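Engineer: I'd like to ask you about the structure that follows.
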Amino acid sequence: MSENRTLPSAYQPSEVEQRRYEQWIEAGYFTVDPASEKPPHTIVIPLPNVTGSLHMGHALDHTIQDAITRRRRMQGYEALWLPGMDHAGIATQNVVERQLAAEGLSRHDLGREKFVERVWQWKAESGGMITGQMRRLGDGVDWTRERFTMDEGLSRAVQTIFKRLYDDGLIYRAERIINWCPRCMTALSDIEVNHTDDEGELVSIRYGDGDTSVVVATTRAETMLGDTAVAVHPDDDRYRHLIGAEVEVPLTGRRVPVVADEHVDPEFGTGAVKVTPAHDPNDFEIGQRHNLPSLIIMDERGVITAHGPFQGLDRFEARPAIVAALREQGRIVAEKRPYVHAVGHCSRCQTTVEPRLSLQWFVRTGPLAKAAGDAVRDGRTRIHPPELTKRYFAWVDNMHDWCISRQLWWGHRIPVWYGPNGEMVCVGPGEQPPTGEGWKQDEDVLDTWFSSALWPFSTLGWPDDTPDLRKFYPTSVLVTGYDILFFWVARMMMFGLYAMNGVQPFHEVALHGMVRDEHGKKMSKSFGNVVDPMDWIEKYGADATRFTMARGANPGQDVPVSEEWCAGSRNFCNKLWNATRFALLNGAHTNGPLPAADQLSTIDRWILSRLQAVIVEVDRQFDEYEFAKVCDVLYHFAWDDVCDWYVELAKPVLAEGGPAADRTRRVLGHVLDQLLRLLHPIIPFVTDELWTALTGGESVVIAEWPKPDPSRRQDAAEAEVASLQRVVTEIRRFRADQGLRPTQRVAARLAGLGELGIADHEPLIRSLARLDAPADGFTATGTLAITGGVTVELDTRGAIDVAAERARLTKDKAAAEKEAAQCRAKLNNQGFLAKAPAEVVEQTRQRLATAEAELERIAAALAALP
RNA sequence: GGGCGGUUGGCGCAGAGGGAGCGCGCUUCGUUCACACCGAAGAGGUCACUGGUUCGAUCCCAGUACCGCCCACCA
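Take the first sequence: its letters are residues 116 to 981, numbered as in the numbering used here.
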C-alpha cells in the first residue's frame, strides 16, 4: 500500500543517507548466507591501505562494485561484496616511525615486539577512517566478513602458502642484485620502483696504462671502487687484443681482467664497460658468466664502506669526489657530458634506488606466471576491456622472479628458522619451530603484496575448506584500476591458481581508469586539483557523487570529473525526486496488476514500450561494464521520456479523472517503480527513499530487478508518439520564431493530423502547444506547414516576427536542399544501386522523399508569409 | 629503446562502413497547478594531416604530426 507521504519539494540527501544506511545494515541486506540456494555472486574489494582514506579513485571503484553487487542481489543472486584492508607494510611502518620520531624515538629504541604492538595500537585508533567513509558512500558490503591482511586467519593462509611454495621449490633464498631503498632500508620488488628520466653525467675514465689501457664510460663513477673487470664485445676489433689481459683500476689499484661479453654494446660510449657485479644488475650477470668476485662497497644507507679516502661518504657525495680525484690523476679523458637516462626511485619515498647485492627470498615466478597467462589465454578469466589483455600478457610472460623479503618489522614474518650449523627449516602453520641453542627465525617480513595476492580465497577461509570458500570461490568479477593490473591482479592469478589447484580466482576482471580533473589532468597535490569525495557527498549527496563517477566510467578509460558535473548529477536526483513527488500527489500507485495493453491509451502504451527498451538496454550495458551507457540510457529515459513528455502528456488525463486517469495512475506508478529499481544500483539512497514512498515496499535493495517483457513492445504507439512530438515541437518552434511567449495562449486551427494518424491527440497537442480553439473573429495570420501534411493556422495578431520566420525557413530550405542533393547523387550512382544493400537504398529513397516534402512545405510556408 | 591508446562543436567525452551525438557552457523566451537543482526554442563541428581500399570513409588500412600511458638492467 502506498503511504502517500508528502515529500518536500527538494531532495535533501543528508537527511536520508545516514538513516537509510543504518536501516540496510540493521536489516542485514548485505550479509550473505553460504547455505543459500541462490547462485553466488562474489566481489572482493581491492583492499585499501589501512593508512589511507578514500579518494576519488575509491569512489569510482566502489561505485562500480556496489552497483554490480546491488544489481546481482536484485537479480536473485547471493551477492557478496567482501570488504577489508591491507596492512600496507612500508606505508604503515613509515607512519608509525614518523610518530615515534616526533617523540624523539626510533623503532630500534622500542625493539621489534614493542614496535609491532605500537603499530597495532595505531591501527586500532586511526585505522578505521575508511570504514566510515565507505558507509557514507553507501557501500553495500558484508561487514560481518570484513578482513585485515594481518588478522589471524589471513596470517595462517600466508604461512600455509609460503610453506607449500617452499616445499615445491617455488620459493628460494639467494644472493642477488635487488632494488634497495637506502631510506626505507629494505629491498623492493621491481614494481615498487618507479623509473624517471633523470639527468646524469657520463664521464669517460681511462683504466690501465700504455698498451693495456682502455677507456670506459659511466654515469656512476662511485661504483668503480667495486669494479672487478672491464668488459668488451667479443667481436670488437678495437679491443680484441686486450681480452684476457689485466688492467689497473684507478684509485683502487686493483688489477682486473678484460672479459669478452655479448652483453656489451660496441656502439655505446667507448664500447668498453666497467664491471661492478655487486652494484649493477647487468654487471652482476656478467660477473656470474665470468666468475668475477663481487665487492660490496656501500652499506645499507648508501654510504661508501670501501677502504680509502672515500669511506664514509654518501654515494652522492662520493661521485663528484671520485671524479675530482680521477681528474687530478689525469684519468678523465673526455669532459663529462649531460646524459638523460632512466633512474629508479622508491615508490614509497622517491629516494633513488640502489641496486644492491644481498641475500633475499624470492618467488620463482616461471611456472606460476605461465599458469596465470594460460588462464586468460584459454578464457577461464576474461579481461574487460579486451585491449588490456595484451598488457597483461606482456607482464606475465616476462616476469622476473619476485623478491618477497622486506627488511621491516610490520608484516608477516618469514616462517623460516636457521640453525646453528646453517640448517634452514620452513615452519608451517601449527608446526613447532625448532628449539634449542642457536636457532633463530628469519628477521624479515614478506612484501605486503604477498598477502594481497591471497585475498580472493584467504578472505573466504582458505586454507580451511569452509562453506564460504565452497560457495563464493571463484569470485565473479574483480573490479579495479588498470594501474594495478600488475601489482595485484597478476599475482592473485598466480597464487589463486596455485593454491586452489588450478581454479582461477575470478571469472572476469573489469578494469576502469583513473579519476582525473575536468581537463583530463591527473589529480595531484602539486597541481592542487585534488578533490575529496567526502566534500562532494557533504555538498551534493552520495548519490550525486556516485552518479558522477558511473556516468564517466567507460571501460578502461580515465574518468574526468568536476564539481559542475556533480551538481548536474544532484540535479538529476532532484528531478527524480520531483517526478515521484508529482506522481504521489496525483495518486500514482503500484497496486494491482498493470492493465492489459488493449485497455491502455497510446500514451501509456508508448511509455511502457519505451521502458521495455530501456530495461533491455540497461541489462546489455551492465553486462558489458558500460556504466557510462547505463547512466546515459536511464538519464535520458527519466528526464526526456518520463518527465518532459510522459508526465506532461499525462497531466490532462489525470486532471480529467475517470477510468482513464485510474489506468494512467497505475502506469505512472509502474514506470517509476521500475525506473527506480533500475537506478538503484547506481544511486541507492534516493531511489530507496522514493521507491518505499511510492510502493510501500520494504526496500528497493531487496526488490526484484526488472525483467524484460517483450509483449509490452508497441512499435505503433512509439511511432504515433514520435509524430505527436514532432508536431508539438514544430509548433513550439514556430511560436518561438513568431515571438510568442511560451505561455501565451493563441487561437489556432489544425488540419491534417489524420494523415499522421494522430487526430485523436489534437487536445493533447493543443494543450502542450498552448493553442486555443478558433473562436469568433479568428484570423489566421501565421501558417505553419509541417512535414506529413499537417498545417496549423494561428491567430497571432499583435506578435508576429515575419523576418525571423523567413530567416528560419530559408535556413531550413538550405538544409533540405543539401539533403535532397546528397540523396539524389547517391541514387544516380550505378555503383551504389548495384552494391549497396537494398535497405540502404530504400532508406535513401525515403530520405529523399522526406526532403522533397520538406521543401514543398517550406515553399508553401514562405508563400504564406505576408 | 619497446608496447599500447588518443586526436569528433568552447570544455569533457560517446559513436557506427551509408542520415554528425551526449553532458556542461552559450543565445533567446518563460514567475503554468512536480522540480528555477526548472521549462520551451536555438546557435555551434570540412570528425588532426596525407595517401590507399570501397559505389561510398569521420568510421577500415598505411604513413605523418602532436598528446598521453605502460613496460624496460644498455654503462
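Where a beta carbon is used, it is the ideal one built from N, C-alpha and C, also for glycine. These numbers come from a predicted model, not from an experiment.
1) On the CB-based measure, 16 or more other CB atoms within 10 Å of its CB, does Tyr354 come out buried or exposed?
2) Taking only three categories from DSSP, how would you classify Pro774?
3) With DSSP as the reference, identify every bridge partner of Pro453, one or two as the case may be.
4) Are the CB atoms of Ile419 and Gly427 within a distance shorter than 8 Å?
5) Would you be able to state if there are at least three C-beta pairs under 8 Å between the region 572–585 and the region 267–277?
6) Answer yes if the region 682–700 comes into contact with the region 652–660, meaning at least three C-beta pairs across the two stretches below 8 Å, and no otherwise.
7) Does DSSP classify Met413 as helix, strand or coil?
8) Apply the 10 Å Cβ neighbour rule to Asn119 and answer buried if 16 or more other Cβ atoms are within range, or exposed otherwise.
9) Tell me the rounded alpha-carbon separation between Val529 and Arg222.
10) Could you name the residues of the same chain whose beta carbon sits closer than 8 Å to that of Ser151, not counting the 5 residues immediately before and after it, in chain order?
11) Alpha carbon to alpha carbon, how far is Gly707 from Ala936? Give it in angstroms, no decimals.
12) For Asn164, which beta-bridge partners are listed by DSSP?
13) Give the DSSP-derived three-state secondary structure of Gly897 in the structure shown.
14) Have a look at the DSSP bridge pairing and note the partners of Thr911.
15) Does the beta-carbon of Met664 have 16 or more other beta-carbons within 10 angstroms, so that it is buried, or is it exposed?
16) Measure the C-alpha to C-alpha separation of Ala940 and Ala974 and round it to an integer number of angstroms.
17) Go ahead and label Met116 buried or exposed: buried means 16 or more other beta carbons lie within 10 angstroms of its beta carbon, across all protein chains shown.
18) In three-state DSSP terms, what is Met189?
19) To the nearest whole angstrom, what separates the beta carbons of Phe399 and Leu472, a pair I think is in contact under 8 Å?
20) In the DSSP assignment, what residue or residues form a beta bridge with Gly459?
21) Under a three-way DSSP split, which group does Tyr366 fall into?
22) Return the Cβ separation of Arg370 and Glu363 in integer angstroms, given the expectation that the two are a contact with Cβ distance under 8 Å.
23) If contact is defined by three or more beta carbon pairs under 8 Å, each pair taking one atom from either stretch, is the region 502–518 in contact with the region 474–488?
24) What separation, rounded to the nearest whole angstrom, lies between the Cα atoms of Arg186 and Pro549?
25) Going by other Cβ atoms of all chains shown within 10 Å of its Cβ, with 16 needed for buried, is Leu474 buried or exposed?
26) State whether the region 124–132 contacts the region 646–656, with contact taken as three or more CB pairs (one from each stretch) at a distance under 8 Å.
27) Of the choices Leu868, Pro297, Trp680, Ala439, whose alpha-carbon is the least far from that of Arg521?
28) Between the alpha carbons of Val836 and Val842, how many angstroms are there, rounded?
29) My guess is that Gly784 and Thr705 are in contact by the Cβ rule of under 8 Å, so how many angstroms apart are they, rounded?
30) Residues in its own chain within less than 7 Å of Glu290 by CB, not counting five upstream and five downstream?
31) Kindly list the residues whose CB is nearer than 8 Å to the CB of Leu868, restricted to its own chain and excluding five residues on each side of it in sequence; keep chain order.
32) Can you give me the start and stop residues for the alpha helix (DSSP H) that Leu963 sits inside?
33) Which runs of the alpha helix (DSSP H) at least 4 residues long sit entirely within the region 724–785? Give them in chain order.
34) When DSSP labels each residue in this structure, what does Pro589 get in the three-state scheme?
35) Could you please give the first and the last residue of the uninterrupted beta strand (DSSP E) stretch that includes Arg497?
36) Consult DSSP for Phe849 and reduce its assignment to one of helix, strand or coil.
Structural biologist: Judging by the given coordinates:
1) Position 239 of the first sequence holds residue 354. It is buried - the Cβ of Tyr354 has at least 16 other Cβ atoms within 10 Å.
2) As a position in the first sequence, residue 774 is number 659, starting the count at 1. Helix, per DSSP.
3) Position 338 of the first sequence, counted from the start, is the residue given in the question as residue 453. DSSP, once it has assigned bridges, lists Glu316 as partnering Pro453.
4) Locating residue 427 in the first sequence gives position 312, counting from the first residue. Locating residue 419 in the first sequence gives position 304, counting from the first residue. Yes. Within cutoff.
5) The region 267–277 makes contact with the region 572–585; the number of CB pairs closer than 8 Å reaches 3 or more.
6) Yes, the region 652–660 touches the region 682–700.
7) What you label residue 413 is simply residue 298 of the first sequence in a count that begins at 1. It is a strand residue.
8) Your numbering for residue 119 matches position 4 in the first sequence. Note that Asn119 scores a pLDDT of 43, beneath 50, so its modelled location is shaky; the value from the coordinates is reported in the next line. Exposed, since its Cβ has fewer than 16 Cβ neighbours within 10 Å.
9) Here residue 529 is taken as the residue at index 414 of the first sequence, counted from 1. Here residue 222 is taken as the residue at index 107 of the first sequence, counted from 1. A quick correction: the sequence has Ile, not Val, at residue 529. C-alpha separation (whole angstroms): 19 Å.
10) Here residue 151 corresponds to residue number 36 of the first sequence, with the count starting at 1. Taking C-beta separations shorter than 8 Å and ignoring five residues to either side along the sequence, the partners of Ser151 in its chain run Glu193, Lys586, following chain order.
11) As a first step, residue 936 is located in the first sequence; it is residue number 821 there, counting from the start. As a first step, residue 707 is located in the first sequence; it is residue number 592 there, counting from the start. Ala936 and Gly707: Cα-Cα distance of roughly 55 Å.
12) Working through the first sequence from its first residue, we reach residue 164 at position 49. In the DSSP output, where bridge partners are listed per residue, Asn164 has Asp201.
13) What you label residue 897 is simply residue 782 of the first sequence in a count that begins at 1. Reduced to three states, the DSSP call for Gly897 is strand.
14) Within the first sequence, the letter at position 796 stands for residue 911. BP columns for Thr911 are empty, so no partner.
15) Here residue 664 corresponds to residue number 549 of the first sequence, with the count starting at 1. Classification for Met664: buried.
16) Here the question's residue 940 lines up with position 825 in the first sequence. Here the question's residue 974 lines up with position 859 in the first sequence. Spanning the two alpha carbons is a distance of roughly 22 Å.
17) Numbered from its first residue, the first sequence carries residue 116 at position 1. Reliability of the predicted coordinates at Met116 is poor, the pLDDT of 36 falling under 50, and no value is obtained from them.
18) One-based indexing of the first sequence puts residue 189 at position 74. Looking at Met189 - three-state DSSP - the assignment turns out to be helix.
19) What you label residue 399 is simply residue 284 of the first sequence in a count that begins at 1. What you label residue 472 is simply residue 357 of the first sequence in a count that begins at 1. The pair is a contact, with the Cβ atoms about 7 Å apart (cut-off 8 Å).
20) Counting from 1 along the first sequence, the entry for residue 459 is found at position 344. DSSP lists His310 as the bridge partner or partners of Gly459.
21) Translated into the one-based positions of the first sequence, residue 366 becomes position 251. It should be noted that the sequence gives Leu, not Tyr, for residue 366. In the three-state reduction of the DSSP assignment, Leu366 falls in the coil class.
22) What you label residue 370 is simply residue 255 of the first sequence in a count that begins at 1. What you label residue 363 is simply residue 248 of the first sequence in a count that begins at 1. Correct: roughly 5 Å between the Cβ atoms.
23) yes
24) Within the first sequence, the letter at position 71 stands for residue 186. Within the first sequence, the letter at position 434 stands for residue 549. Roughly 52 Å separates the two Cα atoms.
25) By 1-based counting over the first sequence, the position of residue 474 is 359. Leu474 is exposed by the Cβ-count criterion.
26) yes
27) Here residue 521 corresponds to residue number 406 of the first sequence, with the count starting at 1. Ranking the options by Cα distance to Arg521, first place goes to Pro297.
28) Along the first sequence, read from residue 1 onward, the residue named residue 836 stands at position 721. Along the first sequence, read from residue 1 onward, the residue named residue 842 stands at position 727. A direct Cα-Cα distance of roughly 10 Å separates Val836 from Val842.
29) Here residue 784 refers to the residue found at position 669 of the first sequence. Here residue 705 refers to the residue found at position 590 of the first sequence. With a Cβ gap of about 4 Å, Gly784 and Thr705 count as contacting.
30) Translated into positions along the first sequence, residue 290 becomes position 175. Result list for Glu290: Leu472, Ser473, Leu474, in chain order.
31) One-based indexing of the first sequence puts residue 868 at position 753. For Leu868, where only same-chain residues beyond five positions count, the Cβ hits under 8 Å are Val842, Ala874, His876, Glu877, Ile880, Val905.
32) Here residue 963 is taken as the residue at index 848 of the first sequence, counted from 1. First-last of the alpha helix (DSSP H) with Leu963: 953–979.
33) The alpha helix (DSSP H) runs lying completely inside the region 724–785 and spanning 4 residues or more are 742–751, 763–771, given in chain order.
34) For the purposes of this step, residue 589 is identified with residue 474 of the first sequence, where counting begins at 1. If DSSP states are grouped into helix, strand and coil, Pro589 belongs with coil.
35) Here the question's residue 497 lines up with position 382 in the first sequence. Here the beta strand (DSSP E) through Arg497 covers 497–499.
36) The residue given as residue 849 occupies position 734 in the first sequence. Helix, per DSSP.
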